[in-house]
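The structure appears right after this line, and notes come after that.
Chains as they are written, first to last, in this note's numbering: chain A, 174 to 301; chain B, 22 to 162.
Put into structure tokens, the structure is as follows:
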């Protein structure tokens with residue numbers, strides 16, 4: 174099965190990199206959308222359904238915390254699993270993002286297999 | 022994730038830095054506050070950027086190199102702080118391209134790490150205590 178994923182990060186290089194890592198990991202994508210902040214992501218999600226969201230925290234205009242807060246308040250969108258990708262590996266930040274509805278957390282730098290495992294766990298993909 | 026092969030630590034980290042460096046700096050707030058400066062020789066920065074983006078080195082623009090170096094500084098800073106003070110809360114400011122200044126580096130002296138790469142070197146300086154705000158520059162990349 175192939176999945177539709179949204180990557181939210183203000184860095185175009187990071188978005189390219191995340192997409193590349195997903196491809197390298199062998200995780201099958203049918204469609205990959207991109208947004209540069211939470212507001213842009215919410216706009217996109219009004220028109221496109223995705224299976225999973227990968228989001229950064231520190232972004233201009235609407236950061237990852239506010240984005241997750243708004244997602245969790247939206248009856249339709251809150252069922253979409255969101256995974257945070259961040260350099261911040263502190264327990265404080267992980268707990269904060271989890272309390273806002275994040276279903277997964279990947280710390281940069283990461284390996285392709287780490288991201289794949291987190292996507293599969295979050296999406297409930299059965300093991301091979 | 023940057024697919025970089027290192028050749029060991031620099032023999033003499035205090036030696037005169039190469040002229041063709043690109044640097045990114047960022048400050049962080051928390052207990053303790055501080056700043057990090059990352060310096061990379063330009064050929065190394067370009068190669069790392071190409072690897073990061075999955076494109077040929079000749080296709081990498083200066084803008085892309087700057088972006089990847091900023092991202093690398095962000096990752097190193099987050100990683101170091103999480104390991105040293107994992108229970109503490111930090112807020113990292115957005116990394117900026119700054120002049121590869123020895124003066125700034127000398128002020129960030131709590132941690133200094135210099136590693137040789139196949140086409141240059143990578144140097145990290147991290148200082149805590151009084152936050153030092155590197156001034157952004159337009160001239161380097």
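Beta carbons: idealized from backbone N, C-alpha and C, even for Gly.
Residues near residue i in its chain [Cβ-Cβ closer than 6 Å; skip 5 each side]
{"i": "residue 231 of chain A", "result": "none"}
{"i": "residue 116 of chain B", "result": "45, 47, 91, 94 and 95"}
For residue i, three-class secondary structure by DSSP
{"i": "residue 40 of chain B", "result": "coil"}
{"i": "residue 276 of chain A", "result": "coil"}
{"i": "residue 49 of chain B", "result": "strand"}
{"i": "residue 225 of chain A", "result": "strand"}
{"i": "residue 197 of chain A", "result": "helix"}
{"i": "residue 60 of chain B", "result": "strand"}
{"i": "residue 113 of chain B", "result": "strand"}
{"i": "residue 129 of chain B", "result": "coil"}
{"i": "residue 90 of chain B", "result": "helix"}
{"i": "residue 249 of chain A", "result": "coil"}
{"i": "residue 119 of chain B", "result": "strand"}
{"i": "residue 285 of chain A", "result": "helix"}
Beta carbon proximity, residue i to chain A, threshold 7 Å
{"i": "residue 110 of chain B", "result": "yes"}
{"i": "residue 59 of chain B", "result": "no"}
{"i": "residue 74 of chain B", "result": "yes"}
{"i": "residue 145 of chain B", "result": "no"}
{"i": "residue 89 of chain B", "result": "yes"}
{"i": "residue 46 of chain B", "result": "no"}
{"i": "residue 84 of chain B", "result": "no"}
{"i": "residue 63 of chain B", "result": "no"}
{"i": "residue 92 of chain B", "result": "yes"}
Cα-Cα separation, residue i to residue j
{"i": "residue 193 of chain A", "j": "residue 74 of chain B", "result": "8 Å"}
{"i": "residue 31 of chain B", "j": "residue 134 of chain B", "result": "8 Å"}
{"i": "residue 287 of chain A", "j": "residue 129 of chain B", "result": "33 Å"}
{"i": "residue 295 of chain A", "j": "residue 252 of chain A", "result": "11 Å"}
{"i": "residue 293 of chain A", "j": "residue 299 of chain A", "result": "8 Å"}
{"i": "residue 262 of chain A", "j": "residue 93 of chain B", "result": "15 Å"}
{"i": "residue 191 of chain A", "j": "residue 183 of chain A", "result": "12 Å"}
{"i": "residue 95 of chain B", "j": "residue 146 of chain B", "result": "13 Å"}
{"i": "residue 55 of chain B", "j": "residue 281 of chain A", "result": "20 Å"}
{"i": "residue 175 of chain A", "j": "residue 111 of chain B", "result": "37 Å"}
{"i": "residue 127 of chain B", "j": "residue 120 of chain B", "result": "14 Å"}
{"i": "residue 213 of chain A", "j": "residue 188 of chain A", "result": "14 Å"}
{"i": "residue 260 of chain A", "j": "residue 140 of chain B", "result": "26 Å"}
{"i": "residue 77 of chain B", "j": "residue 71 of chain B", "result": "6 Å"}
{"i": "residue 247 of chain A", "j": "residue 219 of chain A", "result": "11 Å"}
{"i": "residue 250 of chain A", "j": "residue 143 of chain B", "result": "43 Å"}
{"i": "residue 97 of chain B", "j": "residue 50 of chain B", "result": "16 Å"}
{"i": "residue 270 of chain A", "j": "residue 215 of chain A", "result": "17 Å"}
{"i": "residue 234 of chain A", "j": "residue 273 of chain A", "result": "18 Å"}
7 Å CB neighbourhood of residue i in its chain, flanking five on each side removed
{"i": "residue 267 of chain A", "result": "278"}
{"i": "residue 291 of chain A", "result": "256, 277 and 279"}
{"i": "residue 198 of chain A", "result": "285, 286, 288 and 289"}
{"i": "residue 223 of chain A", "result": "177, 178, 179, 206 and 253"}
{"i": "residue 152 of chain B", "result": "With a pLDDT of 49 at residue 152 of chain B, under the threshold of 50, the predicted position of this residue should be treated as unreliable, and no value is reported."}
Identified DSSP bridge partners for residue i
{"i": "residue 259 of chain A", "result": "A:280"}
{"i": "residue 27 of chain B", "result": "B:138"}
{"i": "residue 149 of chain B", "result": "B:55"}
{"i": "residue 205 of chain A", "result": "A:178"}
{"i": "residue 143 of chain B", "result": "B:61 and B:136"}
Any non-hydrogen atom of the ligand FAD closer than 6 Å to residue i Cβ
{"i": "residue 220 of chain A", "result": "Annotation note on the ligand FAD: not contained in the displayed structure, which lists no ligands."}
Chain B contact for residue i (CB, 7 Å cutoff)
{"i": "residue 282 of chain A", "result": "yes"}
{"i": "residue 290 of chain A", "result": "no"}
{"i": "residue 260 of chain A", "result": "yes"}
{"i": "residue 209 of chain A", "result": "no"}
{"i": "residue 184 of chain A", "result": "yes"}
{"i": "residue 193 of chain A", "result": "yes"}
{"i": "residue 270 of chain A", "result": "no"}
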